[in-house]
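4 protein chains.
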Amino acid sequence: MKRAQIGVIGYNSGSLPIKSKTLDLAYEVGGIIAKKNAILVCGGLGGVMEYSCKGAKDNNGFTIGIVPQEDYSSANQYCDAVICTGIGLSRDFIVAYSSDGLISVGGGVGTLIELCVGYIVKKPMVSISDSGGISDDYGGKYLDERKRILIEKIKSPLEAVEYILKKNGLQ
Amino acid sequence: MKRAQIGVIGYNSGSLPIKSKTLDLAYEVGGIIAKKNAILVCGGLGGVMEYSCKGAKDNNGFTIGIVPQEDYSSANQYCDAVICTGIGLSRDFIVAYSSDGLISVGGGVGTLIELCVGYIVKKPMVSISDSGGISDDYGGKYLDERKRILIEKIKSPLEAVEYILKKNGLQ
Amino acid sequence: MKRAQIGVIGYNSGSLPIKSKTLDLAYEVGGIIAKKNAILVCGGLGGVMEYSCKGAKDNNGFTIGIVPQEDYSSANQYCDAVICTGIGLSRDFIVAYSSDGLISVGGGVGTLIELCVGYIVKKPMVSISDSGGISDDYGGKYLDERKRILIEKIKSPLEAVEYILKKNGLQ
Amino acid sequence: MKRAQIGVIGYNSGSLPIKSKTLDLAYEVGGIIAKKNAILVCGGLGGVMEYSCKGAKDNNGFTIGIVPQEDYSSANQYCDAVICTGIGLSRDFIVAYSSDGLISVGGGVGTLIELCVGYIVKKPMVSISDSGGISDDYGGKYLDERKRILIEKIKSPLEAVEYILKKNGLQ
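Chains as they are written, first to last, in the UniProt record's numbering: chain A, 1 to 171; chain B, 1 to 171; chain C, 1 to 171; chain D, 1 to 171.
Listed below in structure tokens is the structure:
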């Protein structure tokens, strides 16, 4: 039977420098997902994706990276399994669809796309407060005038993970 | 040789009622794209997509609808060609990639996804002023802190189309 | 209203040398599609795709290339419109879904994938006799034991196009 | 670090009745993948996919189902993780790309597509002898005239799994 799958979304490495506080938050979120025995799902690359995977692995969790490429060479080293989509950045849809809920930590426009997809299919979504970028811009907000589902703004990684689990009736 | 391809994005029919002013703007944008001899690209469904296609057809233009489904039965009747993607809403990426520039008229979260994709690959983008929804929310703004490319806010459909053509060196 | 869309599939340029007879057949198929006022749909690249597009353009037809890439720089110069999917080779599904019928001219394993997709959704399919590769291997056959739809084997490009149109009630 | 990922492909339930011998082989393949500590990757649905997942779970393995749908409700009950692609049957590309090698057990045209994708990117591929359908038709053959990589024909599920591992330098 499918285990709980929690998506962590946020900055990739490489474009803007990412604050160490943001990466620490990503690491912490990953660790809690592992402790709660949920599978961590992410886009499989660097930055927030890598740090959250590392956090999960340091806590004996299981991690899945869903990468844009046809092969797994771009995946970060903390992915237990790599899904090689070969569909480029439109794999953002698959990250959101494959998560029982999304936790955003910082992030740019790719993170915004994942939140939009989560909004369309009404996934529970949390942005971590003061993690920067898109997460700070959209926490506590609806993504369009239909107000389908709110992006919750939560400071504590533990409470963020528990929020997703509760919304799925798992805690 | 490829002709100019201009994407029109905005509200689909069916969820929220769309103001007649917004649909009139969509119709007008479609007509101007046709008069400029560019191909109109869109998501192929109802609302802004349908009205812009109708505007293009009433002015002897050519229209392509890129639909989520595997078959063309959901396409609006003003599409000359229908691209049946079978990949669901992630076809939003293909709409943006396949356009030399995007013009948004109103719109919800799907429109926001298309703008995000355009932003990633730096397509010229225009939101029509006072057309509602996402277009009003994001006109004149950048989609994340990297400030890759601005979404221009333009009132006149004629100037919007000319802006896209100029940015492509076509006028 | 959607015009008839006929897909031409077969060898890409670049891997194996393609016989001039095969390219001549592709050119001829493209010309007839144009004369019948149908839109030519293809994968947008070289080889059979390019020659069929050239045949259509020399006969005042309209051509659409559905390419794997995010941008149109790889498309052959005879495409009027380019659909930039950004989903890599899985765009083969879109080529098949977007065609009212498929005509194969030679071809390798990519062509076989397109025939398989056509077979799943029961598109009329024709392989041109003596055009080489996959077309010769699979003409007159079913693709699996369910015998959903036969790949017709037809020698004449004219009759091949007419077969697709007839099966769609268009001639 | 990514664990070994072995793809099992073959008949879905529902169209043709599947011989119990074929399902037994699928179950056995799944069990061996688990014993070898590799992750089982598949299309997540019924038939061969379900039996191989059950085999893996009965041997304490880990299973990933990559389904066509946007949600996981169609996945078989033996998937530990479900990747919800939302891209329909073109998810066949992702199954093949995400596997370090493919083992086919029976199968129809969908299985043939997965073998074609494996052939393009030169994945080690094995068809289990006497498992029916596509596996019997294509075992021991190349998929086109370029002869990129042979589909090995192997009778024993144990040897099939060991073949894939060896080709990846893992045994």
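Even glycine gets a Cβ: it sits at the ideal position worked out from N, Cα and C.
As the structure is a prediction and not an experimental result, all values here were calculated from the model.
Residue i burial status per 10 Å Cβ neighbour count (16 or more: buried)
| i | result |
| --- | --- |
| lysine 54/B | buried |
| lysine 57/A | buried |
| methionine 1/A | exposed |
| serine 131/D | buried |
| serine 73/C | exposed |
| glycine 30/A | buried |
| lysine 123/D | buried |
| glycine 133/B | buried |
| glycine 14/B | exposed |
Residue i - DSSP class collapsed to helix/strand/coil
| i | result |
| --- | --- |
| leucine 23/A | helix |
| glutamate 145/D | coil |
| leucine 40/D | strand |
| alanine 81/B | strand |
| glutamate 28/D | helix |
| isoleucine 66/B | strand |
| isoleucine 33/D | helix |
| isoleucine 18/B | coil |
| lysine 153/B | strand |
| glycine 169/A | coil |
| glycine 7/A | strand |
| methionine 49/D | helix |
| glycine 61/A | coil |
| alanine 75/D | coil |
| lysine 54/B | helix |
Whole-angstrom distance between residue j and residue i, CA atom to CA atom
| i | j | result |
| --- | --- | --- |
| isoleucine 149/C | glycine 139/C | 12 angstroms |
| tyrosine 142/D | lysine 141/C | 18 angstroms |
| glycine 65/D | aspartate 144/A | 32 angstroms |
| alanine 81/D | serine 99/B | 36 angstroms |
| asparagine 76/C | isoleucine 128/C | 22 angstroms |
| glycine 10/A | tyrosine 27/A | 12 angstroms |
| methionine 49/B | valine 8/C | 28 angstroms |
| proline 157/D | valine 105/D | 10 angstroms |
| lysine 153/D | isoleucine 83/D | 29 angstroms |
| glutamate 70/A | lysine 19/D | 34 angstroms |
| isoleucine 164/B | glycine 61/D | 54 angstroms |
| lysine 21/C | tyrosine 51/C | 11 angstroms |
| glycine 135/C | valine 161/C | Strictly speaking, residue 135/C in this sequence is serine, with glycine absent from that position. Using only the alpha carbons, I get a separation of about 15 angstroms. |
| cysteine 79/C | isoleucine 120/D | 26 angstroms |
| alanine 4/C | lysine 155/D | 48 angstroms |
| residue 197/A | glutamate 159/C | The requested residue 197/A does not occur in the structure, where chain A is confined to residues 1 to 171. |
| glycine 44/B | methionine 125/D | 40 angstroms |
| lysine 147/C | proline 17/C | 33 angstroms |
| residue 184/D | lysine 166/D | With chain D covering only 1 through 171, there is no way to say anything about residue 184/D. |
| leucine 23/A | isoleucine 103/A | 14 angstroms |
| tyrosine 97/D | asparagine 59/B | 46 angstroms |
| asparagine 12/D | leucine 25/C | 38 angstroms |
| residue 191/C | leucine 40/A | Past the boundaries of the shown model lies residue 191/C; chain C is included only from 1 to 171, so the question cannot be answered. |
| cysteine 42/A | glycine 101/A | 11 angstroms |
| glycine 47/B | threonine 63/D | 43 angstroms |
| isoleucine 6/A | isoleucine 6/D | 24 angstroms |
| isoleucine 151/D | isoleucine 151/C | 24 angstroms |
Residue i at chain E interface by Cβ criterion, 8 angstroms
| i | result |
| --- | --- |
| isoleucine 164/C | The question asks about chain E, but that chain is absent: this structure's protein chains are A, B, C and D. |
Contact test: residue i Cβ vs the ligand FMN heavy atom, cutoff 7 angstroms
| i | result |
| --- | --- |
| arginine 146/A | Inclusion of the ligand FMN in the displayed structure is not the case, the ligand content being empty and no account of it being possible. |
Contiguous alpha helix (DSSP H) assignments of at least 4 residues, all confined to the region 87-140 of chain B: Taken in chain order, the complete alpha helix (DSSP H) segments of 4 or more residues contained in the region 87-140 of chain B are 91-97, 109-120, 133-138.
Sufficient close CB pairs (3 or more, under 8 angstroms) joining the region 154-170 of chain A to the region 34-43 of chain A: yes
Would you call the region 102-121 of chain B and the region 109-120 of chain A touching, i.e. three or more CB-CB distances under 8 angstroms? With contact defined as three or more Cβ pairs closer than 8 angstroms, the region 102-121 of chain B and the region 109-120 of chain A are in contact.
Hey, is the region 87-101 of chain C in contact with the region 87-96 of chain D, meaning 3+ C-beta pairs nearer than 8 angstroms? yes
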